[in-house]
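Residue numbers (mature numbering (1 follows the signal peptide of the UniProt record, and there is no 0)): -22 to -1, 1 to 151.
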């Protein structure tokens, strides 16, 4: 049964929020992620058209999907070595799980080799989850009609999928 909204409700945004919830719910079901992961994208004021690539990555890395990722004591030395080799500097301490996820994601895209088995297993989990979350983010941006953000999210998806930074090209001489 169709719902009818008064002009007052539409102007107050109730209509938009219900449509946004429907869009994000269908996207969450399709890409199998926790709907709270992208809760800040339900209201358009919180997403600026000039969202940077690093900010998109921060949104994905702070997702609820990674709440059980921890930094183990035996991983800290290898993470410190990887931190020196990744192209984008990580500002957070390696004690924080989001820094570990960021370093492992950059190491995966850069095709760096890992030594520890626990880091390898975490990298597999992060690779699968980040790829799925970036595709969901792309779909949310696409459904909202935010072309520039959708393009940035798609470029991030391609970088994770192809394990190659956007500034690299296979046609180097």
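Note that beta-carbon positions come from the ideal geometry of N, C-alpha and C, so glycine has one too.
In this text, all values refer to a predicted model and were calculated from it rather than measured experimentally.
| Query | Result |
| --- | --- |
| Quick one: grab the DSSP three-state call for residue 59. | helix |
| Look up residue 146 in the DSSP assignment and say whether it is helix, strand or coil. | coil |
| Ignore the nearest five residues each way along the sequence and tell me which others in residue 98's own chain have a CB closer than 8 angstroms to its CB. | 92 |
| Taking only three categories from DSSP, how would you classify residue 94? | coil |
| Between which two residues does the alpha helix (DSSP H) containing residue 129 stretch? | 125 to 140 |
| If we ignore side chains and look at the alpha-carbon of each, how far apart do residue 70 and residue 77 end up? | 6 angstroms |
| Out of 105, 118, 39 and 90, point me to the one whose CA is closest to residue 57's CA. | 90 |
| My understanding is that residue 68 touches residue 108, with C-beta atoms under 8 angstroms, so please give their C-beta distance in whole angstroms. | Rounded, the Cβ-Cβ distance is 15 angstroms, inconsistent with contact. |
| Under DSSP, the alpha helix (DSSP H) around residue 86 begins and ends at which residues? | 75 to 87 |
| Please classify residue 104: does DSSP put it in a helix, a strand, or coil? | helix |
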